[in-house]
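Number of protein chains: 2
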Amino acid sequence: MLLCLSGCGEPDIVGDPESGAEKAAICGQCHGQDGISFIPIYPNLAGQKQQYMELQLEAFRAGRRINAAMTPHAQNLSDQDIADLSAFYANLDPRGKQ
Amino acid sequence: MLLCLSGCGEPDIVGDPESGAEKAAICGQCHGQDGISFIPIYPNLAGQKQQYMELQLEAFRAGRRINAAMTPHAQNLSDQDIADLSAFYANLDPRGKQ
Numbered sequence: 174m175l176l177c178l179s180g181c182g183e184p185d186i187v188g189d190p191e192s193g194a195e196k197a198a199i200c201g202q203c204h205g206q207d208g209i210s211f212i213p214i215y216p217n218l219a220g221q222k223q224q225y226m227e228l229q230l231e232a233f234r235a236g237r238r239i240n241a242a243m244t245p246h247a248q249n250l251s252d253q254d255i256a257d258l259s260a261f262y263a264n265l266d267p268r269g270k271q
Numbered sequence: 174m175l176l177c178l179s180g181c182g183e184p185d186i187v188g189d190p191e192s193g194a195e196k197a198a199i200c201g202q203c204h205g206q207d208g209i210s211f212i213p214i215y216p217n218l219a220g221q222k223q224q225y226m227e228l229q230l231e232a233f234r235a236g237r238r239i240n241a242a243m244t245p246h247a248q249n250l251s252d253q254d255i256a257d258l259s260a261f262y263a264n265l266d267p268r269g270k271q
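Going down the list, the protein sequences come from chains A and B.
Residues in the first sequence are numbered from 174 upward in steps of one, following our numbering.
Residues in the second sequence are numbered from 174 upward in steps of one, following our numbering.
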């Protein structure tokens, strides 16, 4: 049986943007509460592809992708956290707060 | 003397969005000609932070970040290519073609 965390076949976990909004408080310190980053070397996340963000958070959590700032934040995320955060940012207006 | 490729201190290389548009033809096949990706696991690039994209392309080129699709494309990019591509995408409307 192939274990599917998220994003393949019937999703076991469905991201909830509202839960993601609560969980994103700390992420907003770099990525902006509206998903537009304050810091030029950190990406905007507003309107980004949900599945892409899930894969990146999973990669940071698993150490397949390494970044001094992201790794500590991703290490303790649950699959549901990853799905909620990704859903939250994916649903934001890509231009940021309007 | 600290060699600065791009994005630190006085930039040696300045990205040209018009050159970037020409160089981005192949990138558009996944990331969309307007920077909005066709494929859920590949990121939108429209309006993304220029410096962030430069760092990611440098990381893919150097093998610090690994992706089966991106690595072959990044391996032969010059510093100027990286700056031009990043400038091109950073200047696009984050909502994509309007």
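Each residue gets a CB set at the ideal place from its N, CA and C atoms; glycine is no exception.
Just so you know, these numbers come straight off a predicted model, no measurement behind them.
### Message
I'd like the list of long-range same chain contacts for A/E248, defined as Cβ closer than 7 Å, with 5 residues on each side in sequence excluded.
### Response
One detail in the question is off: residue 248 of chain A reads as Gln in this sequence, not Glu. Closer than 7 Å at the Cβ level, and outside the excluded window around A/Q248, lie R234.
### Task
Please determine if the segment 185-196 of chain A and the segment 245-262 of chain A are in contact, where contact requires at least 3 C-beta pairs separated by less than 8 Å.
Yes, since at least three Cβ pairs between the segment 185-196 of chain A and the segment 245-262 of chain A fall closer than 8 Å, the two stretches touch.
### Query
Does the distance from the C-beta atom of A/L265 to that of A/G208 stay below 8 Å?
In this structure, A/G208 lies closer than 8 Å to A/L265 by Cβ.
### Query
Which residue comes first and which comes last in the alpha helix (DSSP H) that contains A/G201?
A/G201 -> alpha helix (DSSP H) spans 201-204.
### Query
Of all the CB atoms in chain B, is at least one closer than 8 Å to the CB of A/N217?
By this cut-off, A/N217 is an interface position.
### Message
By the 9 Å beta-carbon criterion, what residues does the segment 198-222 of chain B contribute toward chain A?
### Response
Going along the segment 198-222 of chain B in chain order, one finds I209, S210, I212, P213, I214, Y215, P216, N217, A219, G220, Q221, K222 with a Cβ nearer than 9 Å to chain A.
### Message
Residues of chain A with CB closer than 7 Å to the CB of B/R238, please, in chain order.
### Response
Listed along chain A are R238, each with a C-beta nearer than 7 Å to that of B/R238.
### Query
Less than 8 Å separating the beta-carbons of B/R268 and A/R238?
No, Cβ-Cβ distance for B/R268 and A/R238 is not below 8 Å.
### Any chain B beta carbon closer than 8 Å to A/L265
It does not: the Cβ of A/L265 has no partner Cβ on chain B nearer than 8 Å.
### Task
List the residues of chain B whose Cβ lies closer than 8 Å to the Cβ of A/Q224, in chain order.
Simply P213, I214.
#### Entry: Per-residue burial, A/Q202 [other beta carbons within 10 Å of its own, 16 or more giving buried]
Residue burial is scored here from C-beta neighbours: A/Q202 has fewer than 16 other C-beta atoms within 10 angstroms and is therefore classed as exposed.
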